[in-house]
Structures are given as structure tokens and as C-alpha cells.
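First to last, the protein sequences are chains A, B, C and D. At the far end of the first sequence sits residue 208, using the working numbering, and the numbering has no gaps. At the far end of the second sequence sits residue 1208, using the working numbering, and the numbering has no gaps. At the far end of the third sequence sits residue 2208, using the working numbering, and the numbering has no gaps. At the far end of the fourth sequence sits residue 3208, using the working numbering, and the numbering has no gaps. Backbone N, C-alpha and C define an ideal beta-carbon position, used for all residues, glycine too. Just so we're clear, the structure is a prediction, and the values are computed from it rather than from any experiment. Here is the structure we will look at.
Number of protein chains: 4
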Amino acid sequence: MAGAQRLERKQAVSDHKRSLILDAARRVFEQEGLDGASLRAIAAEAGYTPAALYFHFDSKEAIYAEVLRVSVARLREEIERAVAKTRSPAEKLRAAAMAFFDFYASNPRDLDLGFYLFRGGMKPHGLGKERDKQLNAALASALQSISDAAEELGAKKEEARMLTVDTFAHAAGLLLLAHTHRIRMFGASARDLMARYIADRIDQLKSG
Amino acid sequence: MAGAQRLERKQAVSDHKRSLILDAARRVFEQEGLDGASLRAIAAEAGYTPAALYFHFDSKEAIYAEVLRVSVARLREEIERAVAKTRSPAEKLRAAAMAFFDFYASNPRDLDLGFYLFRGGMKPHGLGKERDKQLNAALASALQSISDAAEELGAKKEEARMLTVDTFAHAAGLLLLAHTHRIRMFGASARDLMARYIADRIDQLKSG
Amino acid sequence: MAGAQRLERKQAVSDHKRSLILDAARRVFEQEGLDGASLRAIAAEAGYTPAALYFHFDSKEAIYAEVLRVSVARLREEIERAVAKTRSPAEKLRAAAMAFFDFYASNPRDLDLGFYLFRGGMKPHGLGKERDKQLNAALASALQSISDAAEELGAKKEEARMLTVDTFAHAAGLLLLAHTHRIRMFGASARDLMARYIADRIDQLKSG
Amino acid sequence: MAGAQRLERKQAVSDHKRSLILDAARRVFEQEGLDGASLRAIAAEAGYTPAALYFHFDSKEAIYAEVLRVSVARLREEIERAVAKTRSPAEKLRAAAMAFFDFYASNPRDLDLGFYLFRGGMKPHGLGKERDKQLNAALASALQSISDAAEELGAKKEEARMLTVDTFAHAAGLLLLAHTHRIRMFGASARDLMARYIADRIDQLKSG
DNA sequence: TATGAATGAGTATTCATTCAT
DNA sequence: TATGAATGAATACTCATTCAT
């Protein structure tokens, strides 16, 4: 029993240190961006030697992946919080979509990270299949609110799915344009366009 | 006269070498991705010493920019070619939008290249102001067909612009999902979704 | 206790390695001159990878500065040792001046090193402000013996200072000539000229 | 005859181009300092390709040497001009010494160049014996005024020579200190110190 | 668990020089 | 005489990672 307790405590301490490193990594991402987030920089911010991080993570990419995992978890929380404040299915759908958009609009580093990892940014072997699966699951879970709301509005399962994908895509595209400053060339606000987009889709659903 | 001819020939040879280097750069992008596209790698692929590239280009970024410029020019050509085959404004709009989508769907490295701008864009240095401006202009020019078609369909200038941005964004988002293989998790075809999206917008325009 | 001892030993080992690198740097200076003293060269001479030096020093300039610091420290020691052997103020002054001259006459690479400052000095970056200040302080300290002796011989503070500057300048000029072999063209011994110079200044002081 | 004339003209044209390059080199030295005076930079300033310079000079160092030669010639002119304005031998001596000092004080790049070339700054084989000899001769000639004046003031040949060397050395030392900004630490003006030095030597000569 | 030390591969860019044309 | 093209060596410095301690 005593041995098991000791092991538990050890595990807890270890987890805590891991999360301290992740916090540091997040801070570095925010302040320096992806390119500045070297292992050295993360280690320094965490008060560690670079070598020390290898006791807690397998590689730099593993840290990146973990930060992304937490990021997606936060995304999900934000969406759920926004949805919880609403009453009607329509409002729910709008709230979920806009929460998704707003999360990345106000956390551009999370967007950067997401794009980096979701694409082939990582050299040696990507995230690894397992992590990739987990990530997809987490993302699907975050977007579940959108699908649910669509179904409540009368969409069939398949339609609801497609709406979710479309919403994700439209938001991602607008965010991309907004963050590369390529959108101002058309003199439009990304958020307004997103709002209009989702309003149209809601109308479609209601009338269809 | 002979002197002028010699100069012309020299220029032609020089241009040819430039384009060989750009081809090599494109190949490296394709095989190694953006991060692997170091000057050394490009030089090696082109059969040159790194130093030799500096005779033909001012910097690594200049090579990137040129590759990108060519890519956007090809995009524009494809869109215009597609539009030229159509008759009605509605067809024109659809053709332009789908040509945009298809270009990047079938040239994923060009998409990667475009996304590079995104990453450089976040901390906005990258290509330098001048090149960035030129690029925006080239992109706007490539998308002009979409705006034109929308206006022909009765949209006001402002509406036409927003439609163009929306179309760009939706396509970009879908391509991102497709490209990262995140879209299959919803069991939908990116191209179908794009087609439906643009069909809906055309309906909107016609009925509005 | 044991822990403290281990730390001490570690520190000692680290210091030793640092000094081995500095020795290597000095050797490179001697054999290759200042321009040849690249980081690579120093690392190779020390039996290290270039990257390894960055564990022990912040930059190439930091190594230069350290070598220079040691050089000036040795200069100071030599001057003080020479002065300590004398009795009268006049002898002290002569001893200090000649020790200064002799140090650089018999350590021409230290002279080179000092001249490096000159070249860096023209467009005044080089070592960075902080190091430059420290160096000036160390140099001033090394020359203090001369000022002190002058004051003991009756010179006012201001006079003593100027004498120090003059002595420094005269010695530096003669060393330059001797070192570049430009002095033989006049068939004179630099050391004799220095001795005569300082003798004259002592006479001046005594009679003035 | 016609052939000889043609050859002469060719030679004249060639000489002119050489001097244009040297002018360019001088300008680059002045604006960019020694480190910035790369062959490329000189060529660009002269409106040539780097390769073209090799038809006029053997190497970069050869250009440096030639610039230095011209510099020493100008030094000599300045000294002679200053001396020509004076009447008494004492004035002559003072004028020559101060002209020497002032020349380098107001043309620090010439000083820099002189130090660089007179020392071992040049890697492969120095200036070459021949050029070195010429340079020494030119320098001696520039300093001749000082020796002459000293002799006119009653110094024997040997004494006059030593005075010249001393003056050269003192000036060089002060200039070195002044340009490295190491002299202000003693709060003295280099020019005043030089003036005092030469005044003392004149007094010595007169009284001795 | 953590460190200090070290590595080897990598970065973009500059340099003086050469050579065919 | 001059150029365009090319080279090979060099520059200082950064990186993720490893390993003995």
C-alpha cells in the first residue's frame, strides 16, 4: 500500500512537471511564434536544461503535439461554454460556429500551431498515427456541438456532418486570409463574413 | 546587329538557367516540403554550388517569391482558360471557382507554397513589402474572373467582392482539410462540398 | 558537503576547459594572426567542434575579449613586478615605462591583439561597450604605476596623466615601427629610443 | 612611329582606367572602412565587374598597396606644402611634424590602411618585397623634411634621423590612442600633446 | 531526475579568384 | 579589355539530440 501511494505521488509530481513545461511552451509560442519555439527556448522558459525535457517528452514534436492537444481541448471548452448560454437550436448553431471562429481569431498562435501540425510541418514521421488519431477525435468532439445543433434544427445526420465540415472550412479559410492580411485587400471584416455565412446556413436549414 | 543578337542569346541562356533553378526549387518543395527547401538543397538539386545561385537570385526569399509568382500566374491562367469555355455568367462563376479549387487540389505543393505565406504572414516579414504587394496584386488579378462573373450576375461591386473573398476562403478551408486528410473523417468529398457551396451562392444571387 | 565538493570540482574542471580554449585561441593568434583566428580555427586547435565553444563562451568576441583581458592582466603584473624591484621614484618611472615597452616588444602577438582594438575601434563596435569599458579600466590600472611614479617625482596630477599618455603613445609608436620592421630603415634600436625618451622626461620632471 | 603612338595612347588609356579604379577604391575605403572594401565593392564603385579589375591589378592586396602608395604621396605633398610656408628651421620642423600628424588625424582611413598594410594584415605574402621597398622609400621621402629641418637646426645626421623616427613614433602612438578613443580616458587632446612634444624637441635641439 | 558537455548537421550569405566567351 | 558564370572555402552561429555523470 505504502509503495503504491509512493508511486502515485511520484506520478503526480511527474505530471505536474510535465504541465509546467507545457505552460512554458505555450508562453514561448505566444511570444515568439512557431519559429522561435525551439527546444532551448522552451527549456529556458521552463527553468530547465534542454536535456531535461527529454525525461518528460520524447522529442520537440511531442511537446508541440501536446500543446496542440491542450489547445484543442480549450477550443472545445470555449465552444461548449458558448453553446451553454443559448436556448434555441439556431442560436446554438450560431454560437458554436462563432465560438470556433473567435477562439482562433483571438488566439492566432493556436491557429498557427494547428496549421503547422495538421500539415506536414513536422519532418521525421509527423505526429505518429496514435497521436494523430487522438487529435482527430478531440477535434471531432470539439465540433460535435455544431453537428448536434444542426440535427436539432432538422438536418439529417449526413447533412449535419457536411454543415460542420463546411463551417470548419469556411472559418479556417477566413482566418487564414485574415491572418495573412490578405483579406483587407477586399475591405471586408472576416468576422462579419463568418457571421453572414452561418446566418445563411441557418436560414437554409430552417427553410429547407 | 551581331552584338545585339549575342546579347539576346546571352539573355536567353541566362533566363533558361534561372528557370532551371526555379524548377529545381519546385522539385525540392515537392519532395522535401517547405522547411527542407534550403538554399543548399535547391542548389544541389539544380546541380549548382550554393554561391552560384546568388548570381541568379538575390536571396533565398527571392527564389521563394519567384516560385510563388509563377504558381499564381499558372493559377490565373487555369482560371481564365476555364472561364473562356463557358457562356453564361452563372457558368462563368462556377467555372472560375471550381478552377481555383481544382488547381490547388491537383497541385498540393502550390497550396503548401501558398500556406507558407500564412506562416510568414503571422510575423509579417517573409517576402518583403514590395514582393508581398506584387503577390497580392497577382492574386487579386487571378480572382478577378470571379468578381466579374458575380457582377454580371447582378451583384453590386461590394457584394461581388465579398463573394470572391468568401469563395476564396471556403475553397482554402476545404483544401486545407482535404490536404491534411482531416476531411475523410467526416466522409465527404471536398470537391463536392465546394461545388455545392458555389451552387448555393449562385442560387442566392439569382433569387436575390 | 559532498555535494558542495562535487560542485567545486565541476567548476574547476569547467574553468580548466575554458583556459584550454583560451590557450588554443592564443596559439591560433600567434600562428595565424588575428584574421585567421576564426572560431572554427580556434575550435580545431582546441580539439573541439565549433559548437562546443558556445558552451564555454557566448561568442567569438567574448573569446577575443577574454584573451585580451588576460594579456592586459599579464602586462600589469610585469609592470608591477618591475616597479617593485626599484627604490627611487625616478627608477620606478623608468622601470614602469620600460616594462611596458619590453612586454610588448617580447610578446608581439599581444601587441597585435592590442592593435586589433584599433581596427575595431575605427568603426567602434568590436567588443561591445561593456567589455570595452572593462578593458580601458584594466589598461588604466596597468599604467597606474607610471602616473604614480610621476607624481612622486613632483608632477601634478594633470601632468602625471599627460606623461602617462605620452609614454604610452611613444612606446606604442616605436613598437609599431619595430614590429613592422620599418624602424631598421633608420638604423636605430627601438628600445634605445624608448630609453632615451623616458630619460629625457625624467630629466624634465626633475629640473621642472 | 604610328605604331609607337598607338601603343602610347593605349598605355595612357590603361593608366587612366587604373586611376579611376584607385579613386573608386579610395572612396570605398573612406565610406566603408577597410572591412567594407571588398573587391566587389570597389568594382561596383568603379562601375566594373570584379573580374575586370584583374586586368588592371594582380589582386585585391595590390589595389590596397597602390592606394597606400598614393596616400603616402599625398602625405608627402602636404608636409612639403606646410614646410614651404615657413621661414626658420624651427618653424620648418614644427610645421613638418604637425603636418604629418594632421594628415592622419583628418584622414583616419589612410591611417587605418597604413596600419593594416604595414602590419601583417595581408595574408598570402604581404606586399611583396619590391612594393615594400618602394613604400619605405616613399615614406622616408615624406619624412625627409623633418630630418632636413633638424639638421638645419644643428643636429647631426644621426641625431636628425632619430628625431625623425621619434617624431613618427610619437605621432603614430597618439593617433592610435586618439582613434581608438582610448585617449579621452586621460582627458587630453592628442594634437596638443603632439604640439608640446615637438616644441620640447625643438627646445632640446636649440639648447643642446 | 537533471545537468554540463559535446556533437554533427545545418543556416544564409560573402569572399577573392578563375575561366570561357 | 571586359563580362557572366561559377567555384570552393569561409563566416559565426543555432539546432535537436545524446550521453556520462
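Closest Cβ-Cβ distance between residue i and chain C: below 9 Å?
i                 : result
Tyr3104 (chain D) : no
Arg3161 (chain D) : yes
Asn3107 (chain D) : no
Leu3153 (chain D) : no
Lys3115 (chain D) : The residue you asked about is not Lys; residue 3115 (chain D) is Phe in the sequence shown. Yes, Phe3115 (chain D) counts as interfacial toward chain C.
Gln3031 (chain D) : no
Asp3200 (chain D) : yes
In the DSSP assignment, find the alpha helix (DSSP H) that holds residue i and state where it starts and stops.
i                 : result
Ser3147 (chain D) : 3129–3152
Ala1188 (chain B) : Taken as a continuous stretch (DSSP letters only), Ala1188 (chain B) belongs to no alpha helix (DSSP H), as it is neither H nor E.
Lys1085 (chain B) : No alpha helix (DSSP H) holds Lys1085 (chain B); DSSP gives it neither H nor E.
Thr3167 (chain D) : 3157–3179
Tyr1054 (chain B) : 1050–1056
Arg182 (chain A)  : It is not in any alpha helix (DSSP H) - Arg182 (chain A) carries neither H nor E in the DSSP assignment.
Leu39 (chain A)   : 39–46
Does the beta carbon of residue i sit closer than 9 Å to a beta carbon anywhere in chain A?
i                 : result
Gly1173 (chain B) : yes
Leu1139 (chain B) : yes
Arg1182 (chain B) : yes
Met1122 (chain B) : Note that Met1122 (chain B) has pLDDT 40, beneath the 50 cutoff, so the model's placement of it is unreliable and no number is given.
Met1001 (chain B) : Model confidence at Met1001 (chain B) stands at a pLDDT of 49, short of 50, so the residue's coordinates are unreliable; what they give is reported in the following sentence. It does not; no Cβ of chain A falls within 9 Å.
Gln1204 (chain B) : yes
What does residue i reach in chain A if we use C-beta pairs closer than 9 Å?
i                 : result
His1056 (chain B) : Simply none; closest approach about 27 Å.
Taking residue i as the query, report the chain C residues whose CB atoms sit under 8 Å from its CB, ordered along the chain.
i                 : result
Leu3177 (chain D) : Val2165, Phe2168, Ala2169, Ala2172
Leu3193 (chain D) : Met2162, Val2165, Asp2166, Ala2169
Cβ closer than 8 Å: which chain D residues qualify as neighbours of residue i?
i                 : result
Tyr2064 (chain C) : Here the premise fails: no neighbours, minimum Cβ distance about 15 Å.
Checking contacts by CB at 9 Å: is residue i closer than that to chain B?
i                : result
Asp110 (chain A) : no
Gln134 (chain A) : no
Taking Cβ-Cβ distances shorter than 7 Å, what residues in chain B pair up with residue i?
i               : result
Ala82 (chain A) : In chain order: nothing, as chain B lies at least about 20 Å away.
List, in order along the chain, the chain B residues whose C-beta lies closer than 8 Å to that of residue i?
i                : result
Thr197 (chain A) : According to the sequence provided, residue 197 (chain A) is Tyr. The question's Thr does not apply to it. Going along chain B in sequence order, the residues near Tyr197 (chain A) (Cβ under 8 Å) are Asp1166.
Ala188 (chain A) : Arg1161, Met1162, Val1165
Mind checking if residue i is an interface residue toward chain D, Cβ cutoff 9 Å exclusive?
i                 : result
Gln2144 (chain C) : no
Leu2020 (chain C) : no
Exercise. Would you call the region 2056–2068 of chain C and the region 2022–2041 of chain C touching, i.e. three or more CB-CB distances under 8 Å?
Worked result: yes
Exercise. When the Cβ atoms of the region 1160–1177 of chain B are set against those of the region 161–178 of chain A, are three or more pairs found closer than 8 Å?
Worked result: yes
For this session: Answer yes if the region 2096–2103 of chain C comes into contact with the region 2015–2035 of chain C, meaning at least three C-beta pairs across the two stretches below 8 Å, and no otherwise.
Result: no
Problem set entry | Given 8 Å, three or more beta-carbon pairs between the region 1072–1082 of chain B and the region 1139–1150 of chain B | yes
Exercise. Is it a yes or a no for the region 1016–1030 of chain B touching the region 1043–1055 of chain B, going by three-plus beta-carbon pairs under 8 Å?
Worked result: yes
For this session: Would you check if the region 1195–1206 of chain B and the region 1150–1163 of chain B touch, i.e. whether three or more CB-CB distances between them fall below 8 Å?
Result: yes
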